[in-house]
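Below is one structure; the comments refer to it alone.
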Ligand SMILES: Nc1ncnc2c1ncn2[C@@H]1O[C@H](COP(=O)(O)OP(=O)(O)OP(=O)(O)O)[C@@H](O)[C@H]1O
Ligand SMILES: [Mg+2]
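Numbering (our numbering), first residue to last: 83 to 324.
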């Protein structure tokens, strides 16, 4: 569903006289339907930046991100225009950020149904679905009409994940989705992600948490390798079956 070829990203800091911070280089892998590719590597290796390039929050410096859309068309996410990216984000590509920014003065329930109602799903149907997901993720009814700004870190994180999965995306990018959850909630989220994977969603995920990694990952791509001197570009197809 997604083929990343020789992707690279550096950051040029203009207010520091054009200093260049290395992101990653020579990244190549595939993400397949119904499986999860875990991107591993030490802190600062560029894992979040890689996901942001695929979601196109960042523009890659070089390389291709070939995505096969639902209608069968092939789109290079590295070079597609912004409108095309926005339409793919609303229709088929989901992203769970490492740090959740809540919308101010929007209740948890409204935050959760928005991705559905904005696609034209009937409000009552969206509310039904949202209530089911919130209960399943252990977010009690007392919190549904509250503003997520006041939620605990783990509650915010669970809401963040539910918002990304409520539309059943075809491609889901997960950046540390279980980082601040205790074991019980972590397992519920793992089950939700496994359910979506079984329905065919292709996933690329970053997990510091070893339990989540071993429960969810089918393949693994180690980003640290791409930063070794002389290794740039040589890491093609390094994904290994876990
Ligand atoms: N917008 C940006 N501007 C400048 N540098 C950036 C930017 N985003 C990321 N970087 C740099 O790119 C490198 C990789 O960062 P990134 O957040 O992708 O790492 P990571 O592998 O996700 O780390 P962690 O495991 O700690 O989340 C870091 O050195 C970081 O400072
Ligand atoms: Mg990160």
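Even for Gly, the Cβ is constructed at its ideal location relative to N, Cα and C.
Because the structure is a prediction, the values reported are computed rather than measured.
{"Check": "beta-carbon residue 184 near ligand 2 non-hydrogen atom, thresh 8 Å", "Outcome": "no"}
{"Check": "heavy atom of ligand 2 below 8 Å from residue 130 C-beta", "Outcome": "yes"}
{"Check": "Candidates 293, 128 and 264, of which the one nearest residue 107 by Cα", "Outcome": "128"}
{"Check": "Exposure label - residue 91; buried when at least 16 CB within 10 Å", "Outcome": "buried"}
{"Check": "Contact test: residue 126 Cβ vs ligand 1 heavy atom, cutoff 8 Å", "Outcome": "yes"}
{"Check": "Continuous beta strand (DSSP E) stretch holding residue 250: start and end", "Outcome": "That residue, residue 250, is in no beta strand (DSSP E); it is neither H nor E in DSSP."}
{"Check": "Own chain, CB closer than 6 Å to residue 112, minus 5 neighbours either side, in chain order", "Outcome": "85"}
{"Check": "Outcome for residue 330 when other beta-carbon atoms lying within 10 angstroms are tallied against a minimum of 16", "Outcome": "Only positions 83 to 324 of the chain appear in this structure, which leaves residue 330 out of reach."}
{"Check": "4 or more residues per run - each alpha helix (DSSP H) lying fully within the region 87–167", "Outcome": "129–137"}
{"Check": "Neighbour-count burial assignment, residue 287, 16 or more Cβ in a 10 Å radius", "Outcome": "buried"}
{"Check": "Residue range of the alpha helix (DSSP H) that includes residue 210", "Outcome": "205–218"}
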